[in-house]
Each structure stands twice: as C-alpha cells, then as structure tokens.
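First residue of the sequence shown: 682, per the working numbering; consecutive thereafter. Glycine included, C-beta positions come from ideal geometry on N, C-alpha and C. Only a predicted model underlies this, so the values are computations on that prediction, with no experimental measurement involved. Worksheet for the structure shown next.
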Amino acid sequence: MRAGAPARARSIAALATTIVALLAGCAAPRPPGPTAQGPDAASGTAGPGAVPQRAAAPAQGSYGPEPEATLAPVEQRLLDVAFAHLRGARSSGALSLAARELAARAAAGDPEATSGPASREALARALCYDPSPTVYSLRARAEDAPDALARLLPGSAASHVGAGAVERDGVLYAFVLASQRKAALEPFPREVPAGAAAVLSGTLSRGLRAARVFVTVPAGDAREVDTAASGSGFRARLSFPSRGRYTVEVVGESARGPEVAAILTVAAGGVAVEAPARAALAAVDPEDPAAAEAAIVSAINATRRRRGLPAVTASAELSGVARRHSAAMRDAATVAHVLPGSGEVGDRLRRAGVAYRFAYENVAQGPSAVSAHAKIEESPAHLANLLARATGVGVGLARGTLPSGAPAVYLTEVLVQPPDDGAESALLPDARVREALWRERARLGRPPLLGDPALDALARDAAESMRRADSPDAGDLGARALAGRGVAAVDVFVASAPAEATRSRNLPDPRFHRVGVGVATGDSRRYGARRLWIAVIYTD
682 MRAGAPARAR SIAALATTIV ALLAGCAAPR PPGPTAQGPD AASGTAGPGA VPQRAAAPAQ
742 GSYGPEPEAT LAPVEQRLLD VAFAHLRGAR SSGALSLAAR ELAARAAAGD PEATSGPASR
802 EALARALCYD PSPTVYSLRA RAEDAPDALA RLLPGSAASH VGAGAVERDG VLYAFVLASQ
862 RKAALEPFPR EVPAGAAAVL SGTLSRGLRA ARVFVTVPAG DAREVDTAAS GSGFRARLSF
922 PSRGRYTVEV VGESARGPEV AAILTVAAGG VAVEAPARAA LAAVDPEDPA AAEAAIVSAI
982 NATRRRRGLP AVTASAELSG VARRHSAAMR DAATVAHVLP GSGEVGDRLR RAGVAYRFAY
1042 ENVAQGPSAV SAHAKIEESP AHLANLLARA TGVGVGLARG TLPSGAPAVY LTEVLVQPPD
1102 DGAESALLPD ARVREALWRE RARLGRPPLL GDPALDALAR DAAESMRRAD SPDAGDLGAR
1162 ALAGRGVAAV DVFVASAPAE ATRSRNLPDP RFHRVGVGVA TGDSRRYGAR RLWIAVIYTD
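So this is what it looks like as structure tokens:
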C-alpha cells in the first residue's frame, strides 16, 4: 500500500500500512528451573527423550470456525487464570492447539520454538488466523505455573485466549496465547488443489473498516486482490494457480492507521503448511543502533535483488523520520502508524521537509530489529511496500523493554519515490503536462486537443497565484477562460509529477478542443517540498 499520489486535484493523500506486534522471540538455552517469561521473551530447552517437535497432526477443517481442543487439567488451570485476568476473553481452540505445539517444540529443545516463523506455522496448523497473539511462555513445576502466569497477566487485554502445556522430566513447558481478534471469517480452506479458487469473506471487528486483501504467492511476489468492501464487511475471490504456499492477509483501516486483521497460510497442490527450512533467525542486533539499522537496509535490498529490483539508498533525512516515529511508539508502548499528534507518514515527511511522490511505511515490534523485519517480510501487505517503486529508504529503531522486562525493539521503515518535478528532463514541466494530456486523450479515443497561447497565459498566471497562496484555488479562472467562447472548464492540481494531470475530470469531454496549461514549481507548507501547481483550461 502506498502513500502520496493525489487521488483528486486538491489533495495529496498519505496512506500507510501496518504490521502489528511480533510473536515470541528466539529461544536462549536456560537451565531447568522455575521461570516465567512475558510477551516476546525466550523459552527454555529440555533434555533428551522429548517428543518430536511436530508430532501433532494439523487441526482438521477450515479457517473461521474454532477447532475442538480437549484440554489437559493443567492447561485448563492456566486458562482459568487467564480468564480471571482477561475479563471477557473467550476460549479459543485454535489458540490452545497452537500453544500446545509451541510447548512441545520448546520441551523438545527446539531453539526456534518461539521464533516468529515457528509461531506462524503453529497458528496455521491450528487453523488460527489471528495475526499477532501475545505469547506468554512459562517453564516451571506444574503446581507453580498458575501463579507464575498470574504475575504476567495484570494489565493485559484480549478477546480470545488459549493454553497448551507439555511436561518433561518434571518441568512444565507451557504457552498461553492471547489475542484481540480483529476479524470474523466465514469458512476458508487451508489446503486447496493447485488451480483452485476460493472466496474469502468476513467482518472486521469494531473500529476497523475498508478491508483490503493482499497475497504473497509461492514465487515470493506480493500483490493486492480486488476486494468488495462495505463498512466492516468484505469479500474477495482468491485464486491459487500453482503448487506452493500462499500467505493471505486482510488489512483494515482504523483511527491508528491500517491494521492487519487476519493472516492465513494456504497450501496449494499438496505442499506442507510449514515453510521450507530457513537460516536461523538472528536474535540479537548489532550493539550500535546505526549498525542495526544498516543491517535492516541490507536485508531490504537483498529482498529487492531477489525480485530483480534495484536497491534503495539509505537517506539520513528518512532515517531521522523513522527514528522519531519508533521512539514515539516506544514511549506510547504501542505499534501504529498514527499516534496522537503524529499524523500519517506523509504528514511526518512534510514536516521534515522531505519531498516525495509516493511514500511507504512499515512498523513493527519484536525482541530485535532483525526479527521484527523478518516478520514484516512475512506480511504480504508489508512485503509489497518493500518491493514498491522506491529509490530511498530510512530505517529507525528504538530499544526498550516490555512490562515483563523482556527486550523490545520498535522498528520503522520508510521507503519513498521522489517527486518528478521535471528537474532532470529536457522538457519544461508545462510541456510534459501537455504531452501527458494528449497521450491520455488519444488513448481514450477522443479528438486531439490544440494548444492555445492565450489560454496558456491564463493558466500560468493561475498556477503562480496558487503557489504564492499555497492553495489550489482556481478563483475566477473559469469565468475568464469563458470570455468569447461557448463552453469552458478548469482543473487545478497540486502534484508531484506532470503525468498526474491525466486525472483531470474534464480531459475525456469531447466538447473540448483547445487546452491551456500552466505550471508553477516550489515548496509548500501544506503539501510538502518540490510540488507542481498545475492549472489546465479546456474550451471549445
């Protein structure tokens, strides 16, 4: 999803995307003993003789309905503790099955049992589509586990919760997953034949609207899917043309900006739900924040190179914007594009005097910046941002701690495409506007437009007046253009490229045969640096 291009003549909108808080971080070996760890913390290891990490078969059914999960007594006790602290939360079979798989992996000594990818795989196998459950991991004696969990939960909130536990050598490995569910889905398959199609439909939770659906295909590219959205409801037809793993994501708009509402892994053609073996996830960033940010830039460019895209260049100005937003998220203890007083990414760029045509933003939180970025790449909408037409990037992180004492890194990535103000073209901006108008007019099959010097002079005066006033107001330009003519119309724009003038509402009108174009360039307090003020006059 992108920010920047004006949807209409009088606006330069900024639309951002989001990825919410990450799942549990990478595990670190610890000796057996009573420990309790909060969200994004590491869990311990177990001795020999543990069960295989993927002994349990995936839950049967479709995403949407809760699968059945029969809880062991200790799991029910943990769930009762969660209910006592998370008022109004409901039991989720999907979350309990996922929690039990993570507990089994931790008990088996799997060093990646609490990594983001492991959690995402466990959620998919359990038919859970919640994008970001908070993960509470415990390692203690069974009789001590409820009290240990109770110490972690005060101040937490959730609509759905699940618990899973495995005991090995007298030590209980337990996970509690708590989620604020953001969507209700109609049944949707987790496994489909290659070449199949299915309809994803559902309702966003209160506070979310205008759903958009994104898909990452097996080849690694991300794209947006046509979605019919009305209020909180949505419906999208998805196709799975080839064998492989697909990631489907639903994003909704809120007062905090776009939010991920659901993530589904779909296996087409008989492949496994799990991802292929991958390199171990880095658990610790470089100590120097600048070096950690540079590592994220390198990861972004590696992803772009794999898709045949040019690298983006790190920008000190963009990095400053990103660092300030990460610090604001840390101070607010939340992950969002829009914080009180911050505005959207486009607002922050304009305040910093950064010129852009399109802007794309990813935000995340995790135990390290590297793990946060890895989760960003798992999100189709945010992967699409990383693969967008951009030339500059800024990465900023802010380190802090969660209430549990676990480390937390807040990460912001801003990618931009600079404005095309004609500075690098041999043609003047007004000539490029005319060229774009005539080309679009021909594409529409309308009669060609003729240039008119008198109309050009009127349009130039109007464009310069708009620039000085910092307002795209045509004034009485239409009346002056009409003098001695049968019909006239005026469109005005604040744009970042001459080609944006093709959005002109009057361009397709066959009654018009003459056109006048005026362009003024300059910085705007309201719309940002390196703007084009464009006036287009049409007459018969």
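C-alpha gap between residue i and residue j, whole angstroms
| i | j | result |
| --- | --- | --- |
| A1117 | R1211 | 19 Å |
| L783 | E955 | 14 Å |
| L1108 | A992 | 28 Å |
| R771 | V1076 | 38 Å |
| V1097 | F869 | 36 Å |
| T984 | L1067 | 8 Å |
| R1195 | V1168 | 11 Å |
| A731 | R1038 | Unreliable positioning characterises A731 in this predicted model, as indicated by a pLDDT of 34, which lies under 50. The coordinate reading is nonetheless provided below. Rounded to the nearest angstrom, the two C-alpha atoms are 55 Å apart. |
| G742 | P939 | 30 Å |
| A839 | G774 | 15 Å |
| R711 | R786 | Per-residue confidence for R711 stands at a pLDDT of 28, beneath the threshold of 50, marking its modelled position as unreliable; the derived number appears in the next sentence. Near 15 Å, if we compare the C-alpha coordinates of R786 and R711. |
| G745 | Y854 | 28 Å |
| D1133 | W1119 | 14 Å |
| A961 | A1033 | The pLDDT assigned to A961 is 49, lower than 50, so where the model puts this residue is not dependable; a value taken from the coordinates is nonetheless given after this. Approximately 38 Å between the Cα atoms of the pair. |
| V1269 | A910 | Nothing can be reported for residue 1269: it is not among the residues displayed for the chain, which extend from 682 to 1221. |
| H1006 | R1184 | 33 Å |
| A634 | C809 | Since the displayed the chain opens at 682 and closes at 1221, residue 634 lies outside it and no answer follows. |
| S724 | A942 | Residue placement at S724 is poorly supported in this model, since its pLDDT is 32, which falls under 50; the coordinates are not used for a value here. |
| G685 | T1093 | Caution applies to G685, whose pLDDT of 37 falls short of 50 and renders its modelled position unreliable; the model cannot decide the point. |
| Y1219 | G1197 | 7 Å |
| A1182 | T1015 | 39 Å |
| R1166 | R890 | 47 Å |
| A1144 | L1020 | 35 Å |
| G1209 | D1154 | 17 Å |
| D1204 | R1186 | 25 Å |
| R735 | A788 | Low confidence applies here, because R735 scores a pLDDT of 41, under 50, leaving its location unreliable and the question unanswered by this model. |
| R806 | L778 | 8 Å |
| P1128 | S1146 | 31 Å |
| A975 | R1029 | 22 Å |
| H1018 | V880 | 29 Å |
| A1135 | D1221 | 14 Å |
| S1023 | A740 | 43 Å |
Option nearest residue i by Cα separation, candidates the options
| i | options | result |
| --- | --- | --- |
| A900 | G914, S913, T928 and L881 | T928 |
| F1193 | P1134, L1130 and G1209 | L1130 |
| E793 | S777, V978, P754 and S1052 | S1052 |
| L1083 | V1198, G925, D1012 and R1120 | D1012 |
| G1199 | V1114, L1125, F856 and G1165 | V1114 |
| A1062 | A878, D902 and R801 | D902 |
| D907 | G914, V873, V894 and V898 | V894 |
| Q1046 | A1008, L1064 and R1029 | A1008 |
| E1025 | E998, S935, E1059 and L990 | S935 |
| L804 | G845, P835 and D791 | G845 |
| G933 | A1123, G883 and A1036 | G883 |
| G1126 | A1079, Y1091 and L1188 | L1188 |
| L990 | G843, E872, T1072 and G851 | T1072 |
| F856 | L776, P1110 and Y1091 | L776 |
| G925 | V947, E905, F915 and A917 | V947 |
| S1234 | I977, R986 and S886 | Given a span of 682 to 1221 for the chain in the structure shown, any question on residue 1234 remains unanswerable. |
| A823 | S886, V965, V755 and G790 | V755 |
| S913 | R887, V896, A1050 and R1080 | R887 |
Presumed contact (8 Å Cβ cut-off) between residue i and residue j, rounded CB distance
| i | j | result |
| --- | --- | --- |
| V1171 | L1158 | 5 Å |
| A995 | V1074 | 6 Å |
| L1139 | A1162 | 6 Å |
| L759 | A826 | 6 Å |
| A1089 | P1048 | 7 Å |
| H1054 | A980 | 6 Å |
Beta-ladder partner(s) of residue i, from DSSP
| i | result |
| --- | --- |
| D643 | Residue 643 lies beyond the range of the chain shown here (682 to 1221); nothing can be said about it. |
| R1080 | V1090 |
| I944 | E930 |
| L990 | Answer is none; L990 lacks a bridge partner. |
| V847 | Y854 |
| P870 | S743 |
| A821 | L853 |
| H1226 | Residue 1226 lies beyond the stretch modelled for the chain, which goes from 682 to 1221, so this question has no answer here. |
| F921 | A877 |
| A995 | V1074 |
| L1096 | Y1041 and V1074 |
| R916 | S882 and A909 |
| F895 | E905 and E930 |
| G1197 | I1218 |
Chain D contact for residue i (CB, 9 Å cutoff)
| i | result |
| --- | --- |
| A844 | Structure shown: chain D not included; a single protein chain is present. |
Near the ligand ZN: residue i beta-carbon under 8 Å from a heavy atom
| i | result |
| --- | --- |
| R890 | This structure simply doesn't include the ligand ZN, nor any ligand for that matter. |
**OP:** Count the C-beta pairs between the stretch 811-826 and the stretch 858-872 that are closer than 8 Å, then say yes if the count reaches three, no if not.
**Re:** Contact between the stretch 811-826 and the stretch 858-872 is present, because at least three Cβ pairs lie under 8 Å.
Original post:
Are there three or more Cβ pairs, one per stretch, closer than 8 Å when the stretch 751-768 is compared with the stretch 917-925?
Top reply: no
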